[in-house]
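And the structure:
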């Protein structure tokens, strides 16, 4: 194999025929400004060709089921290794996928519980086990030397009847009561224990004679009953037996000593073979009562002798009908009465109306019953619901002593749902709620009854990564279990260790994969790749540092180096300075973006690139260029938002003040509660107070929000796509296309032909091509070959009818205009302020390289966020212009709050400087900015910082520090401050 990947003549997207070499078994970072061609080189050329070659090596039949990959535009490429891409986006939408299943930890946990777990009886809680030959022999030998024994087995073979797996596991009350079959069995055993006058079997003598005849043919000729041994070589000898009482076959007579162990083992195996049971009865020399030892080959409860199936790995899978809870089918929730709707505000007390349905006039009587029940059971009614103990909350739900409880109340109403008004009332409280059978644990009762160190597999899965490591490190196992579990535990501990190393120690194992951020999903894939221990592979990663606090970046770098040291090639698209400096090889693309990029500026070691005069990245690495610390900071004024009692996930009653009219940054390690506080509580609370329902109902998530009257609008600028169809593009999103269409419709030729602005839209019928419906391309499905996307035969990719394309302005038709970059369009439309003002903001946020008609589906998350930011900048600027024209105060627009979530994602140092300039213009326009960010350049440029932590998960959710960046940097409790201090030259 070559020592490097050799690429010659790469022209994918904006790449300018570049030649580059990527060394094997090294960590190579590709840097450059946004749009310079980094992803085009790493993903669309190197990874795409690696995948294409692999797919092409398969059969035509297999290829039809795989991802279609086009051949990248490159002259020559050699030295490629099998390629694995780990991208930013979290594409998992499967509601069954969890952190544990995605990393294969759960597969090993299932095997561990199946082989080493202790099964407990669903009826009596006893241990369910099988008596092994060695254990029985040891118990018999433990009776002491010289003890005389009879080895016996019953003449009637015991057929093991397994407890049926419950179709619907019982509720809490049902679990305490044996099901009907168990009651019948208990009655039968009670009857058998009483003296009876006649045999319990229908024709016992004939049945037993048939069995005895069979045993005699097999060589057995002695029976045992009540201490008497009877020969049954002739039918007359059977007259001495009472067939209404147990009769045993005598296997052997023994005197216990170490020399007879082999005979004991033979007796046990004989009893197991003939009847699944073995009895050892002592024969004392005095007249004392004999001691009887009973052992069974069945897997059964040691107390109630109910037999169960032995656990197997599929029993612990919620993706398999064998193990999934029958009620919720393994999803963990069902459509039922939603506790969140019944008790919408957990901060309320029972006396203050926490139980919403009992506040309705018709059902107020239940509120009085609740108070009496609470008083009788020492349940405080003047304490917030969330401060009641789980046991007290459960008592209110289940009731008792004549009080129906919440569950009983709704059960009563269910019986009256033939009435329309009752059905309407019940519908208000229905929603997705934890399954009442498995309580959200997804598995059937038989799986939840298997314990390891007093925890079932569901409880172990609910632990955080850190707690899970402690649990698996402290397992108490027998020598035999240790032998079985050795390799399993090694795999589990190794994978959990990788998750800790990539900074995900705050996640729980049962966290749904669909709820992870793009950065978290990428790091989970990285940890999974480490766990697979592949060698000789090419890993292509897209900004793995996204969402990572500076503290955790060192852990990420260590993971990448460990992956490299296994013998793999690592190719990373990255902007983080720490990751760039750790590279073995650095490739810098540029110098600009779009048409101005796609060139190889520098390639070599970090030191070589830092010295290169043409490298933009090199200038920042060497210090020749930098983002300066602001000379002055805006001070908080009187206008502010005050949020108290934020309580959701890991937030535990957080109180925070957010000053307006400045740049406020929210920081903290991953999982500290930043997005929870800002997105799930503050944003939803603000939207509710403004009469909007976007984001969901936040009732009960906080105590009080004041200051919302200082705002007229709240804008959330996240990284979701600006559109999901090829017809969505930047120029339509920022509403500049309306003015462009008006301009073309105003041309003399348009007026003569009767064209309107709608005729120049490719989203509605009229002027657009009828064949491709404005897409410009037609997709031809090729079954097992890659689908072919061809220019439309009718419009040749222009999207419009021929008559529309005849209309020109300054020599260009509408199709030519959509192919322009933003920078080109600014000079082309000079003199048309409506268009120029909106396009200018795209250039200001660093998107001057984007084409006006570029499909939204091709924009990265960072580019989509900046397009949204540009749209809001344009709107704010237009409002200010209008107000100035009316003589209004410039600050009249100070009532908009912009919330941004990591806007520096995908941004180079140079782009961050442009972004900060855009921030300043929004604030100068009177806006307020609230930004969740890890980038130190943004944090140091902030006016005010709110630092959460101190750690992630259950160890986070608190305000650690608040103040100016200098105050945060000097705070010894702030992890953010520790890394910010060197940047600001402040003592931490």
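In UniProt numbering, the protein residues as written are 1 to 988.
Don't be surprised by glycine CBs; every beta carbon is placed ideally from N, CA and C.
Only a predicted model underlies this, so the values are computations on that prediction, with no experimental measurement involved.
Can you name, in chain order, every residue of its own chain whose Cβ lies under 6 Å from the Cβ of residue i, other than the five neighbours on each side?
i: residue 973; result: 960
i: residue 176; result: With a pLDDT of only 34 at residue 176, under the threshold of 50, the placement of this residue in the model should not be trusted; the figure read from the coordinates follows. So the list is empty, once near-sequence residues are dropped.
i: residue 564; result: 27 and 570
i: residue 775; result: 726
i: residue 629; result: 940
i: residue 97; result: 513
i: residue 711; result: 895 and 897
i: residue 900; result: 717 and 931
i: residue 143; result: 256
Tell me, to the nearest whole angstrom, how far the beta carbon of residue i is from that of residue j; I am working on the premise that it is less than 8 Å.
i: residue 485; j: residue 477; result: 6 Å
i: residue 665; j: residue 983; result: Actually they do not touch by this definition, with Cβ atoms about 13 Å apart.
i: residue 670; j: residue 497; result: In fact, because the Cβ distance is near 17 Å, the residues do not count as touching under 8 Å.
i: residue 790; j: residue 777; result: 7 Å
i: residue 429; j: residue 370; result: Contact doesn't hold; Cβ gap of about 16 Å is too wide.
i: residue 278; j: residue 151; result: 7 Å
i: residue 325; j: residue 438; result: 4 Å
Just to confirm my understanding: we take residue i, look at its own chain, exclude 5 residues before and 5 after, and list those with CB closer than 7 Å. What are they?
i: residue 405; result: 396, 397, 398 and 399
i: residue 501; result: 555, 558 and 559
i: residue 317; result: 110 and 323
i: residue 291; result: 282
i: residue 980; result: 936, 939, 940, 965, 968 and 969
i: residue 416; result: 422
i: residue 488; result: 108, 111 and 112
i: residue 412; result: 404
i: residue 20; result: 7, 587, 600 and 603
Do residue i and residue j have their C-beta atoms closer together than 8 Å?
i: residue 990; j: residue 828; result: Examination of residue 990 is not possible in this model, given that the chain is present from 1 through 988 alone.
i: residue 612; j: residue 601; result: yes
i: residue 914; j: residue 873; result: no
i: residue 433; j: residue 337; result: yes
i: residue 714; j: residue 755; result: no
i: residue 595; j: residue 849; result: yes
i: residue 29; j: residue 923; result: no
Would you verify that the beta carbon of residue i is, or is not, closer than 8 Å to some beta carbon of chain B?
i: residue 423; result: Of the chains in the structure shown, none is chain B; there is only one protein chain.
Can you give the Cα-Cα distance for residue i and residue j, rounded to whole angstroms?
i: residue 78; j: residue 857; result: 31 Å
i: residue 692; j: residue 685; result: 10 Å
i: residue 620; j: residue 15; result: 23 Å
i: residue 699; j: residue 592; result: 48 Å
i: residue 422; j: residue 510; result: 37 Å
i: residue 313; j: residue 532; result: 21 Å
i: residue 971; j: residue 948; result: 13 Å
i: residue 53; j: residue 493; result: 36 Å
i: residue 4; j: residue 574; result: 20 Å
i: residue 257; j: residue 148; result: 10 Å
i: residue 992; j: residue 625; result: Since the first residue shown for the chain is 1 and the last is 988, residue 992 is missing from the structure and cannot be characterised.
i: residue 748; j: residue 810; result: 13 Å
i: residue 300; j: residue 273; result: 17 Å
i: residue 674; j: residue 329; result: 34 Å
i: residue 658; j: residue 642; result: 6 Å
i: residue 308; j: residue 298; result: 8 Å
i: residue 407; j: residue 128; result: 33 Å
i: residue 987; j: residue 954; result: 29 Å
i: residue 751; j: residue 736; result: 21 Å
i: residue 327; j: residue 333; result: 9 Å
i: residue 853; j: residue 744; result: 16 Å
Could you tell me which residues DSSP puts in a beta bridge with residue i?
i: residue 230; result: 223
i: residue 450; result: 119
i: residue 800; result: 768
i: residue 589; result: 32 and 600
Here's a check: name, in chain order, each residue in its chain whose Cβ is nearer than 8 Å to the Cβ of residue i, leaving out the five neighbours to either side.
i: residue 722; result: 728, 730, 733, 856, 859, 864, 867 and 868
i: residue 230; result: 222, 223, 224, 237, 238, 240 and 241
i: residue 43; result: 85, 87, 540, 542 and 573
i: residue 379; result: 350, 373, 388, 392, 395 and 396
i: residue 146; result: 255, 256 and 257
i: residue 550; result: 578, 934, 936, 976 and 979
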